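In order, the protein sequences belong to chains A and B. The first sequence begins at 1 in our numbering and counts up one residue at a time. The second sequence begins at 245 in our numbering and counts up one residue at a time. The beta carbon of each residue, even a glycine, is placed where N, CA and C say it ideally should be. Because the structure is a prediction, the values reported are computed rather than measured.
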Amino acid sequence: MPPGIPIDPPPRGPFVQGVAACLPTVLGYWSIGFAAGGVGTLAGFSIPDILLLAALLYAGSAQFLVYGMTAAGAGPLAIAAAILLVNVRYLLMSAALAPYFRGQTPLQKCVGGALLTDETFAVASGHAVRHGALPFRWLLGVNLTAYLNWIAANGLGAVLARTLPAAVADGLSFGLTAMFVGLLLLTVLASRSRASDLVCVAVAASVAAAALAILPPNVALLVGAVAGATAATAATATRTAEVR
Amino acid sequence: MNGTLVTAILLGAAVTLCARAGPILLLSRRPLPRVVVLWLGFVPSAIMAAIVAVDLVVHPARTAGGWSVSVLAAAAALAVGLLGRSLFFTVLSGLCAFALFKAVLP
């Protein structure tokens with residue numbers, strides 16, 4: 001820097017503001033990312049594999065799915081189809097944010113959307129509603145903060161799970177199932193349409209279990225999930241019609 | 245990580261990227277039909293319920309006496325989850341219950 005130029009305090013640019021906006025959600029990334037990394041180790045994945053998975057998929061439920069379905073011997077197409085189904089909610093979030101990206105280049109839209117998660121969606125939609133736009137650099141600050149914390153949490157979870165004593169690790173294969181019990185419970189408890197969600201869970205679980213008699217586990221899983229979501233939609237539509 | 249798994253993960257990553265960035269890129273101004281939005285909203289819990297059901301049927305972890313340790317431990321985890329509403333304690337209690345039931349049941 002040439003001498004004589006007065007040094008102003010650096011202004012808080014949109015990127016830094018984005019980082020700050022993301023900070024409250026970082027604890028959430030750490031708790032779930034830590035669990036995701038740990039489950040990966042317990043499912044027999046190496047630490048580089050777990051980090052790669054976290055960096056490429058960047059979605060807790062999809063990562064749990066890969067661990068679980070690989071353990072069950074599922075093929076690539078079944079795993080990809082399952083990932084599509086659990087991540088299909090991003091279509092909705094992305095569509096909801098789309099109007100606030102007007103005026104950005106296609107590359108900027110792509111970068112902004114590629115790192116969309118449940119938590120960043122919550123932060124971004126709040127900002128979008130208040131300010132009417134999602135500036136590229138602000139969203140980049142949010143997204144990179146979330147992304148790097150997610151990968152770090154996965155790595156630490158994977159390393160710490162490796163140091164568990166063998167006697168403890170023996171029973172830990174059940175951890176994946178327990179994780180989904182917990183995730184399912186939190187999803188249903190947070191739902192605004194709990195009765196329909198209970199229909200959804202009951203139908204999905206029983207159809208999946210019944211379908212195991214004639215279908216391989218990964219296909220039975222998808223059939224159960226589609227049946228559950230369809231039944232819950234039908235139940236909700238029926239109830240809404242009655243109210244009217 | 246073998247080649248099949250790498251294929252699965254790359255496919256999954258591509259699919260996820262399309263889901264995340266696709267609608268933003270396409271800027272669909274027309275909102276989705278309500279029934280589609282509703283259906284999509286139920287997908288996460290449907291998937292997770294199906295996963296738990298398949299896990300419990302495929303890996304029951306039966307004792308010599310015929311008890312399914314997996315099913316009992318899942319019930320214990322569910323009970324703790326309902327009381328505590330914490331993911332961490334739900335998983336922890338499921339693991340403890342699994343070890344306990346495996347040790348004590350005939």
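Is asparagine 87 of chain A close to chain B? Criterion is C-beta to C-beta, closer than 7 Å.
By this cut-off, asparagine 87 of chain A is an interface position.
Which class does serine 191 of chain A belong to by DSSP, given the choice of helix, strand or coil?
It is coil, neither helix nor strand.
Classify glycine 112 of chain A: buried if its beta carbon has 16 or more other beta carbons within 10 angstroms, exposed otherwise.
Buried, since its Cβ has 16 or more Cβ neighbours within 10 Å.
Below-7 Å beta-carbon distance, aspartate 197 of chain A vs any chain B residue
It does; some Cβ of chain B falls within 7 Å.
Pick from B/Ser314, B/Asp299 and B/Ala317 that is closest to threonine 70 of chain A, judged by C-alpha positions
Out of B/Ser314, B/Asp299 and B/Ala317, B/Asp299 has the C-alpha closest to the C-alpha of threonine 70 of chain A.
DSSP state of arginine 102 of chain A mapped onto helix, strand, coil:
Note: arginine 102 of chain A maps to coil in three-state DSSP.
Closest Cβ-Cβ distance between valine 181 of chain A and chain B: below 7 Å?
The beta carbon of valine 181 of chain A sits closer than 7 Å to some beta carbon of chain B.
List the endpoints of the continuous alpha helix (DSSP H) containing arginine 162 of chain A.
DSSP places arginine 162 of chain A inside the alpha helix (DSSP H), whose first and last residues are 136-162.
Within-7 Å CB hit, serine 272 of chain B to chain A:
Caution applies to serine 272 of chain B, whose pLDDT of 45 falls short of 50 and renders its modelled position unreliable; the value that the coordinates give is listed next. By this cut-off, serine 272 of chain B is an interface position.
Short-range partners of chain B found in the region 100-123 of chain A, where Cβ spacing is below 7 Å:
Here the close residues are Phe101, Pro106, Lys109, Cys110, Gly112, Gly113, Ala114 and Leu116.
Sheet register partners of arginine 306 of chain B (DSSP bridge):
Arginine 306 of chain B is bridged to B/Ser312.
Contact set for aspartate 197 of chain A: own chain, Cβ-Cβ below 7 Å, skip 5 residues either direction:
Val188, Ser191 and Ala232, listed in sequence order.
At a Cβ threshold of 7 Å, is cysteine 324 of chain B touching chain A?
For the record, residue 324 of chain B in the displayed sequence is valine; it is not cysteine. Chain A contact via Cβ: absent.
Is there at least one non-hydrogen atom of the ligand PLP closer than 6 Å to the beta-carbon of valine 111 of chain A?
This structure lacks the ligand PLP; in fact it carries no ligand of any kind.
N- and C-terminal bounds of the alpha helix (DSSP H) containing serine 330 of chain B:
It is not in any alpha helix (DSSP H) - serine 330 of chain B carries neither H nor E in the DSSP assignment.
Give me, in chain order, the residues of the same chain whose beta-carbon lies closer than 8 Å to that of alanine 225 of chain A; leave out the 5 immediate sequence neighbours on both sides.
Leu85, Ala204 and Ala208.
Local conformation of arginine 239 of chain A per DSSP, three classes:
Here arginine 239 of chain A sits in helix by DSSP.
Is there a Cβ from chain B that is less than 7 Å from the Cβ of glycine 251 of chain A?
The requested residue 251 of chain A does not occur in the structure, where chain A is confined to residues 1 to 244.
Helix, strand or coil: how does DSSP classify alanine 74 of chain A here?
The answer is coil: DSSP assigns alanine 74 of chain A none of H, G, I, E or B.
If valine 245 of chain A and isoleucine 47 of chain A are in contact, beta carbons under 8 Å, what's the gap, nearest whole angstrom?
With chain A running from 1 to 244 in the structure shown, residue 245 of chain A is simply not present.
With DSSP as the reference, label proline 12 of chain A as helix, strand or coil.
According to the sequence displayed, residue 12 of chain A carries arginine and not proline. The answer is coil: DSSP assigns arginine 12 of chain A none of H, G, I, E or B.
Specify, as a first and last residue, the run of the alpha helix (DSSP H) that tyrosine 58 of chain A falls within.
For tyrosine 58 of chain A, there is no enclosing alpha helix (DSSP H), as DSSP marks it with neither H nor E.
Cβ pair asparagine 149 of chain A, valine 26 of chain A closer than 7 Å:
Cβ atoms of asparagine 149 of chain A and valine 26 of chain A: closer than 7 Å.
Any chain A beta carbon closer than 7 Å to phenylalanine 342 of chain B:
Nearest CB-CB separation between phenylalanine 342 of chain B and chain A: below the 7 Å threshold.
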